[in-house]
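Quick note: the sequence shown uses our numbering, first residue 45, plus one each step.
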Amino acid sequence: MNPNLMQRKSKTFVKGVMRTYGRHIKKMKTKPHKEELAIVPSPSNEPGLHEIEYDEAHENPISASEGRPHWKKLAWEDLAVGDFVKVLENESIPADILICATSEDENVAFVETKNLDGETNLKSRNAVPALTHLRTTKDCASSHNTFRVEAGRPDTNMYRINASVRAGGDVFPVDMHMVLLRGTVLKNTKWVIGVVLYTGEDTKIVMNSGGTPSKRSKVERQMNPQV
45 MNPNLMQRKS KTFVKGVMRT YGRHIKKMKT KPHKEELAIV PSPSNEPGLH EIEYDEAHEN
105 PISASEGRPH WKKLAWEDLA VGDFVKVLEN ESIPADILIC ATSEDENVAF VETKNLDGET
165 NLKSRNAVPA LTHLRTTKDC ASSHNTFRVE AGRPDTNMYR INASVRAGGD VFPVDMHMVL
225 LRGTVLKNTK WVIGVVLYTG EDTKIVMNSG GTPSKRSKVE RQMNPQV
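In structure tokens form, the structure reads like this:
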């Protein structure tokens with residue numbers, strides 16, 4: 045039986061930090077530029093138990109109704125600037141993400157960038173030194189671990205980014221070696237926790253994509269309506 049090529053695409057999912065606040069659940073979003081980062085609370089309807097994941101494997105998903113921080117699967121279309129996300133090995137990066145921590149001892153992540161530059165060799169990326177302690181949902185949701193990201197307008201340059209992190213009164217500059225771009229694939233790293241910088245049309249891969257150029261000559265285009 046041949047597959048239906050015209051069917052709707054299946055959504056890809058990433059893990060976002062979810063937290064409920066009492067009975068009334070609200071969604072906190074941040075603006076793209078110079079705003080405090082926030083945790084994405086749970087949506088109005090309770091998530092399915094199979095979509096909930098705790099950092100501790102022995103935790104019971106039923107306790108999610110108690111408002112404890114946990115990871116919840118989200119479609120990449122639902123990500124917003126300032127959300128914490130957890131990307132697992134061999135998963136595609138859903139947005140331009142600032143690396144907070146990784147599963148490696150030195151907080152190094154390896155990505156495959158062939159969708160951007162056609163190169164199959166892996167590239168190494170490092171976490172921001174001031175954010176390496178954000179390794180669990182509890183750490184990400186804690187009010188004691190607040191920080192501020194200041195980023196400029198989206199840029200088409202694939203090798204440049206204008207951003208910095210303010211934490212504890214200090215300023216830490218951010219370069220492209222601390223960012224995972226949308227379209228790359230995480231390799232040889234169990235997981236990466238990061239903060240969304242740009243989504244959708246503001247990501248570098250979308251800004252650099254355009255229509256397929258025509259190979260028809262100018263003479264052929266002029267003769268076509270005449271013939």
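Where is the CB? At the ideal position from N, CA and C, for every residue including glycine.
| Asked | Found |
| --- | --- |
| Can you tell me whether DSSP reads ILE96 as helix, strand or coil? | strand |
| What does a CB cutoff of less than 6 Å around VAL229 pick up in its chain, not counting 5 residues either side in sequence? | SER136 and GLU156 |
| Measuring straight from C-alpha to C-alpha, what distance separates ASN201 and MET251? | 9 Å |
| Determine the closest residue to HIS177 out of ILE205, GLU148 and GLU194, with distance taken between C-alpha atoms. | GLU148 |
| At which residue ranges does the region 118-198 contain complete beta strand (DSSP E) runs of 3 or more residues, listed in the order of the chain? | 128-132, 140-146, 152-156, 166-170 and 192-195 |
| Verify whether the separation of the beta carbon atoms of PRO198 and TYR242 is less than 8 Å. | yes |
| Do ARG179 and MET222 have their C-beta atoms closer together than 8 Å? | no |
| Can you give me the C-alpha to C-alpha distance between VAL215 and ILE205, rounded to a whole angstrom? | 16 Å |
| Could you spell out where the alpha helix (DSSP H) holding VAL263 opens and where it closes? | 262-270 |
| Keeping to the same chain, check which residues put their C-beta closer than 6 Å to that of LYS234; ignore five residues upstream and five downstream. | GLU133 and SER147 |
| Quick one: grab the DSSP three-state call for LYS116. | strand |
| Determine the DSSP secondary structure at ASP219, reduced to helix, strand or coil. | coil |
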